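Remarks on the structure that follows.
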Amino acid sequence: MIVYCAGAIKGDTTYQNNYIEMIRFIESMNHSPLAELNGKFNASIPLSDNQIYTRDIKWIEGSVLMIAEISGPSLGVGFEIAYALFQKRIPVLALVSSGVEKISAMITGCNSELLTVKRYQDIEDMQNIISDYFKNLGQESDGERIHLPLHKQAL
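Numbering-wise (numbering that gives the first Met the number 0), the sequence shown opens with residue 0 and increments by one.
Written out as structure tokens, the structure reads:
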């Protein structure tokens with residue numbers, strides 16, 4: 000399954016290692032993570048902002064779902080989540096470290112049934128949440144689009 004992975008690149012990078020571990024775990028499950036920090040996609044020359052935007056939109060358009068690490072604030076990740084939910088209309092799993100007190104109201108207040116927000120304690124817990132999410136996807140797929148019930152947890 001092709002999965003767009005979002006995480007802070009230029010914003011608050013405090014949780015960037017968790018984002019990298021998320022990408023590695025998704026790949027270990029034999030899925031195809033599309034992410035700027037996936038070593039397979041490093042450009043040999045730096046990309047312009049427009050090239051990054053174009054690439055990321057193409058990656059979202061080619062993905063079946065998005066998984067985002069949202070512990071560190073990032074305008075880019077927020078934009079990507081909104082695009083995935085309201086333009087592409089694909090499911091989004093947003094993961095936030097349990098140590099983070101404040102999450103954007105634009106995420107916690109969003110009532111899209113395609114958005115799932117989960118807190119994780121550590122990397123192992125994050126991996127378990129991702130694994131369970133994929134298991135639930137298999138039960139809900141109709142072949143054309145993946146439908147998910149609202150699984151937001153109280154934040």
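Idealized CB from N, CA, C, for every residue including glycine. The structure displayed is predicted, hence computed values, not measured ones.
- Assigned with DSSP and collapsed to three states, Met65 falls in strand.
- No Cβ-Cβ contact shorter than 7 Å links Met105 with Tyr3.
- In the three-state DSSP reduction, Ile8 falls in the coil class, being neither helix nor strand.
- Minimum Cα-Cα distance from Gln86 among the listed residues Ile69, Asn49 and Leu113 corresponds to Leu113.
- Taking 8 Å as the upper bound for CB-CB distance, Glu68 and Leu94 are in contact here, some 5 Å apart.
- The alpha-carbon of Gly75 is positioned some 7 Å away from that of Ala7.
- When secondary structure is reduced to three states using DSSP, Arg118 falls in the strand class.
- Here the alpha carbons of Glu60 and Ile128 stand approximately 24 Å from one another.
- Within the segment 78 to 137, the runs of beta strand (DSSP E) at least 3 residues long that lie entirely inside it are, in chain order, 91 to 96 and 114 to 119.
- Annotation: the continuous alpha helix (DSSP H) that includes Ser27 extends over Gln15 to Ser27.
- For Tyr119, the closest of Ser73, Arg54 and Met21 by C-alpha to C-alpha distance is Met21.
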